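To start, the structure under review is shown below, and the notes come after it.
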DNA sequence: ACAAAAGTGTTGAGTATACACCCATGA
DNA sequence: TCATGGGTGTATACTCAACACTTTTGT
């Protein structure tokens with residue numbers, strides 16, 4: 001059967017259930033984490049899954065994603081990126097559903113604990129994710145891969161940190177995003193050379209007796225984006 | 235209204251029309267081009283648009299995209315990437331339609347001209363795109379941006395070239411993808427250092443009297459992907 | 001012989017990496 | 001005073017960017 005066929009127009013085409021599923025990243029000063037939820041409906045009720053919902057006709061997809069995040073965490077205006085749309089015919093055992101995947105970065109301590117507990121949710125380390133329903137495991141792997149790529153090109157890491165943070169915290173964040181160690185001298189040199197951070201005169205003493213200076217992210221930092229220094233950048 | 239609500243499950247949720255739209259890139263040895271089609275159905279019949287169709291219930295999204303490409307160009311097994319899903323409530327004037335965008339790279343000379351002419355299609359330079367229906371103009375800008383990013387990380391340019399090509403051709407391709415000139419000495423040095431190309435002893439004399447050596451892409455070329463040399467690569 | 005495109009090396013600057021010790025503080 | 005994490009500098013290797021002339025050959 002031909003798909004491109006003037007006869008197959010609006011009212012002769014099939015409609016499909018559309019879901020929006022959201023991978024929520026957080027950072028607890030040690031590890032990159034994922035917020036997972038126990039599924040509330042049959043089938044597979046009680047199993048771990050991403051948070052999601054069916055998209056209603058009067059909401060744009062992005063607004064659907066924002067609502068889901070707000071309803072599950074109590075947060076607004078958080079970092080949100082569309083990831084990919086998943087459309088295998090049999091990805092849902094009940095009926096055909098396509099799902100638009102998003103990922104978001106939140107500051108763990110901002111989160112509204114009560115609303116999270118309502119939803120029977122839990123933070124998991126990204127290297128210790130339980131089995132997830134449907135293709136949510138794939139979505140999570142894709143989200144982690146997308147986060148890594150984007151974190152190398154844009155300073156999105158700051159969306160995972162509190163307003164004031166220390167350089168050792170920032171380093172731990174990048175180490176846990178990329179799952180590999182950095183040299184602290186080189187790390188500090190590079191980060192500071194980007195002129196995105198503002199040093200304060202306050203210290204955070206929760207991690208050491210000496211204390212580490214707190215920094216904040218300069219919102220209007222202009223980023224040097226015109227470098228062409230990558231692998232296939234002929 | 236709450237989206238996340240156990241009462242809002244499969245049979246109580248609204249279904250939505252889902253379209254798949256495809257941005258088709260080609261390269262004619264001089265310029266990066268886009269294949270656009272005259273819309274066959276009302277409303278906006280006859281206006282330029284991407285090629286697309288409504289997704290049927292028994293096809294995965296990617297298979298829908300492949301079918302559309304096959305029906306419009308006669309080509310199978312071509313490079314195809316999911317771009318983004320477009321979901322504004324009023325993006326289609328007739329009724330709610332969400333559209334999954336794809337982009338594909340084809341070898342212009344492979345294309346089945348007859349099937350293209352059936353569809354009333356035309357190649358446009360990417361710096362000279364006409365006004366497109368709906369949000370297809372946005373899709374095209376997004377596709378060009380995505381192509382540029384991906385072309386810097388993976389050797390996808392070869393999907394736009396014939397099996398045998400010259401280095402000046404390859405350089406022209408990258409120049410037209412990025413819309414900026416390269417130094418031929420630096421370009422050749424860098425390309426050849428990647429060990430992805432196999433030189434043949436044949437020459438292409440269509441562009442000059444001297445002729446340029448033909449190369450082919452090594453399919454099993456292992457790419458050095460472990461460099462960490464980018465802007466936010468802390 | 002000449003026009004037109006193909007092909008070729010070197011140098012300087014900037015950036016990444018490797019590496020080890022002193023500092024400040026609370027217990 | 002000592003254990004713990006915070007903070008600092010230098011030398012080497014590498015990669016990018018800038019730059020101009022010679023070669024080939026058909027007409």
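Protein chains in written order, with our numbering: chain A, 1 to 234; chain B, 235 to 468. Ideal Cβ positions, reconstructed from N, Cα and C, are used throughout, including at glycine. The model shown is predicted, which means the values in this text are computed figures rather than measured ones.
Beyond the five residues adjoining it in sequence on each side, residue 329(B) comes within less than 7 angstroms, by CB distance, of 251 in the same chain, given in chain order. A direct Cα-to-Cα measurement between residue 437(B) and residue 385(B) gives close to 26 angstroms. Boundaries around residue 189(A) are those of the alpha helix (DSSP H), 184-193, since no beta strand (DSSP E) includes it. In the three-state reduction of the DSSP assignment, residue 331(B) falls in the strand class. Taking residue 163(A) as the centre and dropping the five residues before and after it, the same chain places the C-beta of 216 closer than 7 angstroms to its C-beta, in chain order. Given a length threshold of 3 residues, each whole run of the beta strand (DSSP E) inside the region 11-73 of chain A is given here in chain order: 15-27, 32-38 and 51-54. A buried status is given to residue 35(A), since no fewer than 16 other beta-carbon atoms sit within 10 Å of its beta-carbon. Judged by their CB atoms, residue 256(B) and residue 293(B) are not nearer to each other than the 7 angstroms cut-off. Residue state for residue 315(B) is assigned as strand, using DSSP reduced to three classes.
Within the region 62-76 of chain A, contact with chain B at the beta-carbon level (separation under 8 angstroms) is assigned to 62, 64, 67, 68, 71 and 72. Below the 7 angstroms Cβ cutoff, chain B contributes 251 and 288 as neighbours of residue 13(A), in chain order.
DSSP, reduced to helix, strand and coil, places residue 9(A) outside both helices and strands of the structure shown, so it counts as coil. Counting of Cβ neighbours within 10 angstroms places residue 273(B) among the buried residues, the total reaching 16 or more.
Going by C-alpha positions, residue 359(B) is about 26 angstroms away from residue 325(B). Among the residues of chain B, those whose CB is under 7 angstroms from the CB of residue 96(A) are 291, following chain order. Counting C-beta pairs with one atom in each stretch, the region 331-345 of chain B and the region 307-317 of chain B have three or more that are closer than 8 angstroms, which means they touch. Ranking 392(B), 296(B), 310(B) and 266(B) by CA distance to the CA of residue 453(B) puts 392(B) first. At a beta-carbon threshold of 7 angstroms, the residues of chain A lying near residue 240(B) are 40 and 41, ordered along the chain. Using a Cβ-Cβ cut-off of 7 angstroms, residue 322(B) counts as an interface residue toward chain A, since at least one Cβ of chain A sits closer than that to its own.
Counting along the chain, no alpha helix (DSSP H) covers residue 431(B); the unbroken beta strand (DSSP E) around it starts and ends at 431-438. Interface criterion met: the Cβ of residue 10(A) is under 7 angstroms from a Cβ in chain B. Among the residues facing chain A, residue 440(B) is not included, as its CB has no counterpart in that chain under 7 angstroms away. Taking a beta-carbon distance threshold of 7 angstroms, residue 100(A) counts as an interface residue toward chain B. Per DSSP, the beta-bridge partners of residue 124(A) are 34(A). The region 175-182 of chain A and the region 193-202 of chain A do not touch, with fewer than 3 CB-CB distances between them shorter than 8 angstroms. Every unbroken stretch of the alpha helix (DSSP H) spanning 4 or more residues and falling wholly within the region 154-182 of chain A is given here in chain order: 167-178.
Cβ contact annotation for residue 30(A) (same chain, cutoff 7 angstroms, sequence separation greater than five): 172, in chain order. Just measuring C-alpha positions, the residue of 267(B), 356(B) and 390(B) sitting nearest residue 375(B) is 267(B). Residues of chain B with a Cβ closer than 8 angstroms to the Cβ of residue 60(A) are, in chain order, 321, 322 and 323.
Taken through DSSP and simplified to helix, strand or coil, residue 212(A) comes out as strand.
Excluding its 5 nearest sequence neighbours in each direction, residue 401(B) has C-beta neighbours in its own chain below 6 angstroms: 422, listed in chain order. Here residue 381(B) carries a helix assignment [DSSP, helix/strand/coil]. A distance of 7 angstroms or more separates the beta carbons of residue 305(B) and residue 62(A). Nearest to residue 24(A) by alpha-carbon distance, out of 147(A), 198(A), 205(A) and 170(A), is 147(A).
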